[in-house]
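A.B. asks: FYI, the numbering for the sequence shown is 14 to 435, going by the numbering used here.
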Amino acid sequence: MATGEGLISMVNWAKIRNDFPALRRTINNKPVVYLDSACMALKPRQVINAMNEYYEQYPACGGRSIHKFGEEASNAYIEAREKFAKFLNAADESECIWTRNATESLNIVATSVKLPKDSKIVTTSLEHHSGSLPFIERARRDGLGIEIVKARSDGTFDIEDWKRTIDHDTSLVSIVHSSNVTGTITPMKEIAEIAHDHGALVMSDDAQYAPHHPLDVQDLNVDFSAISVHKMCGPTGMGVLYGKLEHLKSMNMFFYGGDTVSDVRFENGKILPEYLPPPEKFEAGLQNYAGAIGAGAAAEYLLTIGMHEIEKYERSLLEMVLERFRDMEHVHILGTDDINIKTGLVTFTVDTISSAHDVATFLNDEYNVMVRSGWHCVGPFHYQMGIDPKRGTARASFYLYNNRFDVDTFLSGMETLIEASK
Ligand SMILES: Cc1ncc(COP(=O)(O)O)c(C=O)c1O
């Protein structure tokens, strides 16, 4: 199987591919071509092994029990957070809160951050529903203003729109760092600067950015970041909320209960709970220890390969697809085809086929090529582009385990499909 992609890279991508057991499967005696990593990434054995080790060797509660299993679970849990903090370049590991997914991270901020009365929240037409709805509902709850910055049709933003929209009434900006439909990368640092000049907080939705690009939250100077661990080779049901410590400290709590308190007394008619600082403040109850350990292993796995290398490699695969797509009859790319401002995914419509689900079904049934179809939880941008969300768009997304064979199989499938649809 071809793998090299003509890349000048120190990374042995063929060897990396072997880390992913799911790719050893065949269906109908043919290899699988997994192009749905923007939804859910495959898991390498390093992550699976780390989680299995927890379940098989020390499947106990972290942070409470003082016996040997408890001690080992606590240590592994602490170590996992340290690994994740390193992945984000957080200033302090307490700035990384384990959550169930990016959606929960976004909801925690939207619900619990203190925002002044009469202020406004700014978000965009390109957000995943998880990046916009929690903030829209927060604005409704507290009677705050809400303003939407419209993305251009290529999925980029006009920086002048941000300068016009963010003013001294703005208390928070929620913005996607890399779009899960157009793949466009937002100039986060520049927007964060505009927001901070006006005293507003910045919530960066890094669900798509973190798995594919080097992420440095200190350099970007964002106040919060939401991460989908399951999209970055980590376990399902895991996410991370990054927040600057000062903000996490001042926020309201989200869940109350065990492990969030240092003391609770009911005395002389008074109820006196003393709450712990972050991260425990946001991690009530027994945690997903295996999930956190898997998340730490995923962060370590990606860092060992190198995020710059991963970014470059994915772009080289995507460029081969874009090159062919640019002149493929009946195919329309949604958003920019400029590889330099794009994460490794392409979303498209085929004008001879009415539903994106038909594209995905054909590729799956005839070629074992797994792509995503639908509205990708980004209804507003589909409407903005005049695409009926029910008809939807198809999306092929690439990751470090894909190769030239995957690209070629996908393109062959597309060519056959278009020929048949004429
Ligand atoms: C840009 C973006 N934000 C948020 C989410 C939600 O992520 P999660 O499934 O981890 O809640 C997704 C998931 O596809 C996404 O692509």
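Where is the CB? At the ideal position from N, CA and C, for every residue including glycine.
Since this is a predicted model, take the numbers as computed values, not measurements.
Along the chain, where does the alpha helix (DSSP H) containing residue 263 start, and where does it finish?
C.D. replies: By one-based count along the sequence shown, residue 263 stands at place 250. Residues 258 to 263.
A.B. asks: Given a cut-off of 8 Å, decide if residue 409 and residue 386 are closer than it, judged by their beta-carbon atoms.
C.D. replies: In the sequence shown, counting from the first residue as 1, residue 386 sits at position 373. In the sequence shown, counting from the first residue as 1, residue 409 sits at position 396. Not closer than 8 Å, so no.
A.B. asks: Buried or exposed: residue 419, going by 16 or more other Cβ atoms within 10 Å of its Cβ?
C.D. replies: For this step, residue 419 is matched to residue 406 along the sequence shown. Buried is the call here.
A.B. asks: Closer than 8 Å is the cut-off here; do at least three beta carbon pairs connect the segment 160 to 171 with the segment 332 to 352?
C.D. replies: They touch, by the three-pair rule.
A.B. asks: I need the straight-line Cα distance from residue 303 to residue 90, nearest angstrom please.
C.D. replies: Here residue 303 is taken as the residue at index 290 of the sequence shown, counted from 1. Here residue 90 is taken as the residue at index 77 of the sequence shown, counted from 1. Approximately 8 Å between the Cα atoms of the pair.
A.B. asks: Rounded to whole angstroms, what is the Cα-Cα separation between residue 189 and residue 220?
C.D. replies: Taking the first residue of the sequence shown as 1, we reach residue 189 at position 176. Taking the first residue of the sequence shown as 1, we reach residue 220 at position 207. Going from the Cα of residue 189 to the Cα of residue 220 covers about 8 Å.
A.B. asks: Please name the residue or residues paired with residue 410 in a DSSP beta bridge.
C.D. replies: Sequence index remark: in the sequence shown, residue 410 carries index 397 (1-based). Residue 410 is bridged to 49 and 358.
A.B. asks: Can you tell me whether DSSP reads residue 189 as helix, strand or coil?
C.D. replies: Translated into positions along the sequence shown, residue 189 becomes position 176. Residue 189 falls in the strand class under three-state DSSP.
A.B. asks: Does the beta carbon of residue 255 come closer than 8 Å to any beta carbon on chain D?
C.D. replies: The structure shown contains no chain D; it is built from a single protein chain.
A.B. asks: Is the segment 423 to 434 in contact with the segment 368 to 387, if contact means three or more CB pairs nearer than 8 Å?
C.D. replies: Judged by Cβ distances under 8 Å, the segment 423 to 434 makes contact with the segment 368 to 387, as three or more pairs qualify.
A.B. asks: Within its chain, find whatever has a CB closer than 7 Å to the CB of residue 297; leave out the 5 residues flanking it on each side and keep chain order.
C.D. replies: Along the sequence shown, one-based indexing puts residue 297 at 284. Cβ neighbours of residue 297 beyond the five flanking positions: 268, 269, 270, 271, 272 and 273.
A.B. asks: Short check: CB of residue 242 to CB of residue 256, under 8 Å?
C.D. replies: For the purposes of this step, residue 242 is identified with residue 229 of the sequence shown, where counting begins at 1. For the purposes of this step, residue 256 is identified with residue 243 of the sequence shown, where counting begins at 1. Going by C-beta atoms, residue 242 is not nearer than 8 Å to residue 256.
A.B. asks: Can you tell me whether residue 276 is buried or exposed, with buried defined as 16 or more other CB within 10 angstroms of its CB?
C.D. replies: For the purposes of this step, residue 276 is taken as residue 263 along the sequence shown, with counting starting at 1. With fewer than 16 other Cβ atoms within 10 Å, it is exposed.
A.B. asks: Rounded to whole angstroms, what's the CA-CA distance from residue 139 to residue 69? Just pull it up for me.
C.D. replies: Position 126 of the sequence shown holds residue 139. Position 56 of the sequence shown holds residue 69. Rounded to whole angstroms, residue 139 to residue 69 spans 43 Å at the Cα level.
A.B. asks: Tell me which residue opens and which closes the beta strand (DSSP E) that residue 147 is part of.
C.D. replies: Taking the first residue of the sequence shown as position 1, residue 147 is located at position 134. Note, residue 147: premise wrong, no beta strand (DSSP E); alpha helix (DSSP H) at 142 to 155.
A.B. asks: For residue 359, tell me which candidate among 85, 51 and 25 has the shortest Cα-Cα distance.
C.D. replies: Walking along the sequence shown from the start, residue 359 turns up at place 346. The option with the nearest alpha carbon to residue 359 is 51.
A.B. asks: What span of residues does the alpha helix (DSSP H) with residue 425 cover, start to end?
C.D. replies: One-based indexing of the sequence shown puts residue 425 at position 412. Residues 417 to 434.
A.B. asks: Using 8 Å as the cut-off, can you tell me whether the segment 116 to 124 makes contact with the segment 140 to 160, which would need three or more C-beta pairs spanning the two stretches below that distance?
C.D. replies: Contact between the segment 116 to 124 and the segment 140 to 160 is present, because at least three Cβ pairs lie under 8 Å.
A.B. asks: Please name the residue, chosen from 73, 258, 285 and 314, that lies closest to residue 293 on a Cα-to-Cα basis.
C.D. replies: Counting from one through the sequence shown, the residue named residue 293 turns up at place 280. The candidate whose alpha carbon is nearest that of residue 293 is 258.
A.B. asks: To the nearest angstrom, how far is it from the Cα of residue 142 to the Cα of residue 191?
C.D. replies: Taking the first residue of the sequence shown as 1, we reach residue 142 at position 129. Taking the first residue of the sequence shown as 1, we reach residue 191 at position 178. About 14 Å.
A.B. asks: CA-CA distance, residue 174 and residue 210?
C.D. replies: The residue given as residue 174 occupies position 161 in the sequence shown. The residue given as residue 210 occupies position 197 in the sequence shown. When rounded, the distance between both Cα atoms is 15 Å.
A.B. asks: By Cβ distance, which residues of its chain are closer than 7 Å to residue 247, with the 5 residues on each side in sequence left out?
C.D. replies: Here residue 247 is taken as the residue at index 234 of the sequence shown, counted from 1. These residues qualify, in order along the chain: 60, 307, 308 and 311.
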